[in-house]
Amino acid sequence: MAPRIDIVTIFPDYFQPLELSLIGKAQADGVVEIAVHDLRQFTDDVHRTVDDTPYGGGAGMVMSPEPWGRALDSVLGEDSVLVVPTPAGEVFRQSVAREFVETPHLVFACGRYEGIDHRVVEYYRDRVSVREMSIGDYVLGGGEVATLVMLEAVIRLVPGVVGNPESLVEESHELPGVEYPNYTKPASWRGLDVPEVLLSGHHDKIRQWREDQSAERTKKNRPDLLD
Ligand code: JDE
54 MAPRIDIVTI FPDYFQPLEL SLIGKAQADG VVEIAVHDLR QFTDDVHRTV DDTPYGGGAG
114 MVMSPEPWGR ALDSVLGEDS VLVVPTPAGE VFRQSVAREF VETPHLVFAC GRYEGIDHRV
174 VEYYRDRVSV REMSIGDYVL GGGEVATLVM LEAVIRLVPG VVGNPESLVE ESHELPGVEY
234 PNYTKPASWR GLDVPEVLLS GHHDKIRQWR EDQSAERTKK NRPDLLD
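Take 54 as the starting number for the sequence shown in our numbering and just add one per residue.
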């Protein structure tokens, strides 16, 4: 069964892309169910304030715990996993995407400014499974784009979402490296020819060539994967 997904953000419009392409189709078909919630609906002042100055000083603002508490109380259930995108989190990988697709309910808490008052994570840790997740070593303006990245990786694993399930099988071979390069027609383009072996019909040679290309690319671009 596909996970139900709730997203809490001060920028619901960021999630418009979820209506497009693969994920839009999956939503329209009822294969996945996604709801986006505006954090400002859970504020209690006329200015709909969601942030304040940091204790201990420093630049920037921190998101206040109260609106987050009210928002998360309203969306979390017993079987929810609360995902908080942050550069300080564990790294999101394909293995985590495979875990997430098996969970019944995912809730994404999208922080902005310098982040969310850490008591929010501490409080919900005692109540649900909380995963602080980083999508890479850079700082984004907020958790929204990181959430889109994770959702795209997770939702394409939902059975029936990717038209040809074999495109998922290829990737799950879990070679310790990256993919070989792909080519399509025409066989010659702007003076560049498709590697001859791929036109040869020798499937063992093709397999060997692709393995060699993967190994070469991995050594050059991702030596960290070989450690
Ligand atoms: C997620 N990789 C990067 C950013 C933040 C200084 C400025 C901003 C919840 O707390 C957050 C969330 C985010 C948004 O996520 C990312 C990200 N994977 O940037 C900050 C931290 N320090 C805090």
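Glycine included, C-beta positions come from ideal geometry on N, C-alpha and C.
Computed from a prediction, not measured in an experiment: that's the story for all the values here.
- Residue range 256-274 is occupied by the alpha helix (DSSP H) that includes D257.
- Residue burial annotation: S133 is buried, with at least 16 other C-beta atoms found within 10 angstroms of its C-beta.
- The residues P56, V134, in chain order, have a CB closer than 6 Å to that of T156 in the same chain once the five nearest residues on each side in sequence are set aside.
- Uninterrupted alpha helix (DSSP H) stretches at least 4 residues long and entirely within the segment 73-143 occur at 74-81, 118-128, given in chain order.
- Cβ-Cβ separation between D98 and M114: approximately 15 Å, too far for a contact (criterion under 8 Å).
- By the Cβ criterion, the segment 88-102 is in contact with the segment 115-128, since at least three pairs of Cβ atoms, one from each stretch, lie closer than 8 Å.
- Using a cutoff of 7 Å, the CB of T139 counts as near ligand 1, since one of the ligand's heavy atoms is closer than that.
- Annotated three-state conformation of F161 is strand, per DSSP.
- For E167, the closest C-alpha among the options S267, A88, S117, L71 is that of S117.
- In the structure shown, G196 falls within a helical segment according to DSSP collapsed to helix, strand and coil.
- Following the DSSP letters along the chain, one finds R243 in no alpha helix (DSSP H), marked with neither H nor E.
- When Cβ pairs closer than 8 Å are counted between the two stretches, the segment 198-216 is seen to touch the segment 67-82, the count reaching three or more.
- When only Cα atoms are considered, G196 and E152 end up about 20 Å apart.
- Leaving aside the five residues that flank I259 on each side, the residues in its chain whose CB is nearer than 8 Å to its CB run, in chain order, V250, L251, S253.
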